[in-house]
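Asker:
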Amino acid sequence: MEYFLVFYFGCIIGSFLNVVILRLPKEEGLNGRSYCFSCGHALSWVDLFPLFSYLCLFGKCRYCKKTFSPRYFLIELVTGLLFLAAFIFLKPDSLLGYLALLKYAIALSALVVVFMVDLEHLLIFDNVLLAAGLPVLAINVLTDYMGRYSFLSLSGQTMGGLFAGGLFAGIFFLLWLVSKGAWIGFGDVKLMLVLGLVLGWPVTAAAWLLAYFLGTAFALPLLVLGKKHLSSRLPFGCFLSVAAALCLFYGQQLIAWYLRYVGF
Ligand SMILES: [Zn+2]
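At position 72 of the sequence shown (counting the first as 1) the number is 1262 in our numbering, and the numbers step up by one without a gap.
1) Please state whether DSSP places Tyr1335 in a helix, a strand or coil.
2) Report back the beta-carbon spacing between Ser1228 and Cys1251 to the nearest angstrom; my notes put them in contact at under 8 Å.
3) Check whether the region 1275-1288 touches the region 1376-1395, counting contact only when three or more Cβ pairs, one atom from each stretch, lie closer than 8 Å.
4) Please indicate yes or no: does the CB of His1231 lie closer than 8 Å to some heavy atom of ligand 1?
5) Can you confirm whether the region 1354-1374 touches the region 1303-1310 when touching is taken to mean that 3 or more C-beta pairs between the two stretches lie within less than 8 Å?
6) From Phe1391 to Ile1445, what does the alpha carbon distance come to, in whole angstroms?
7) For Tyr1253, which three-state DSSP category applies?
8) On the DSSP bridge list, what partners appear for Ala1276?
9) At the level of alpha carbons, what is the spacing between Asp1378 and Leu1220?
10) Which runs of the alpha helix (DSSP H) at least 4 residues long sit entirely within the region 1292-1355? Give them in chain order.
11) Can you give me the C-alpha to C-alpha distance between Phe1242 and Tyr1225, rounded to a whole angstrom?
12) Assess, as a yes-or-no matter, whether the region 1402-1409 is touched by the region 1420-1439 under the definition of 3 or more beta carbon pairs within less than 8 Å.
13) Is it true that the CB of Phe1263 sits closer than 9 Å to the CB of Tyr1181?
14) Tell me which same chain residues have a C-beta within less than 7 Å of the C-beta of Thr1257, skipping the five on either side of it?
15) From the DSSP output, read off the bridge partner residues of Ala1232.
16) For the 8 Å Cβ check, are there 3 or more pairs between the region 1353-1360 and the region 1371-1387?
17) Measure the alpha-carbon distance for Leu1415 versus Cys1428 and round it to whole angstroms.
18) Which residues in the same chain as Leu1424 place their Cβ atom closer than 8 Å to its Cβ, once the five residues preceding and following it in sequence are excluded?
19) With a threshold of 16 other CB atoms inside 10 Å of the CB of Ala1328, please say whether the residue is buried or exposed.
20) For ligand 1, is there any heavy atom lying closer than 8 Å to the beta carbon of Lys1256?
21) For a quick check, are the C-beta atoms of Leu1214 and Val1318 less than 9 Å apart?
22) Within 8 Å: the Cβ of Ser1369 and any heavy atom of ligand 1?
23) Quick one: what's got a C-beta closer than 6 Å to Gly1346's C-beta in the same chain, skipping five residues either side?
24) Where Phe1439 and Cys1254 are concerned, what is the direct C-alpha to C-alpha distance, given to the nearest angstrom?
25) Would you call Leu1324 buried or exposed, if buried means 16 or more other Cβ atoms sit within 10 Å of its Cβ?
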């Protein structure tokens, strides 16, 4: 029951993320009613019940019977599953545990939006990064304060986050500067800063490497098949988002594995 509530809460957030993903690139506000893109009919709350509305109506608009894209359903489902995974992974039983869960929920929600918008528009929006970065920074400070960790230690969340974010955003900034924006976009620089705050030190390093690995694994077959050229822009924010989400759960293991691999 607990698991279902967490999962379904995630689906409701996912339903909100759908609106953000859709409207942000169009510079529409988040307040107006949702409507069917085909017939323009305003959708009521019955049509917007996460997951169930889609399933009950077989993915069709109730008014004009046009099929909705399954992406809305998928984003709700994925967000629900990510929230559930975070809950099971963190097993919160104290205030500190719930703070960590809140941080995961904010970070994962932002990553879903960054992934989708970068995939479609090759853009990363500042307000998404701010909406995630500022609360995460506050949670980091609060966690260190409540857990009596040192604010100055790299293993603390505050300093670890600022150091990791600053270091890797700095590296990206240099790459951006040297290549005049050809290798990576400035949005990636800012995203890296937020990922540093989320993942801390040294997990950010693992996410950074993993993103390059994923990007290469994805781009090589396309290059070989001639579908993309070296100059084609890849949505690097997508690889960063996936890598960061994986590292929220497996970052420590990845680092342990890597250190064993190189012989430490
Ligand atoms: Zn319709």
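Virtual Cβ for every residue (Gly too), placed ideally from N, Cα, C. Since we're looking at a predicted model, the values are computed, not measured.
Answerer: The structure says:
1) helix
2) 6 Å
3) no
4) yes
5) no
6) In the sequence as presented, Phe is not what sits at residue 1391; that position holds Trp. Spanning the two alpha carbons is a distance of roughly 11 Å.
7) coil
8) None; Ala1276 has no bridge partner.
9) 24 Å
10) 1316-1336
11) 18 Å
12) yes
13) Here the chain covers residues 1191 to 1454 and nothing more, so residue 1181 does not appear.
14) Gly1249 and Lys1250
15) Tyr1225
16) yes
17) 21 Å
18) Gly1405, Phe1408, Ala1409 and Lys1418
19) exposed
20) yes
21) yes
22) no
23) Asp1334, Tyr1339 and Ser1340
24) 42 Å
25) exposed
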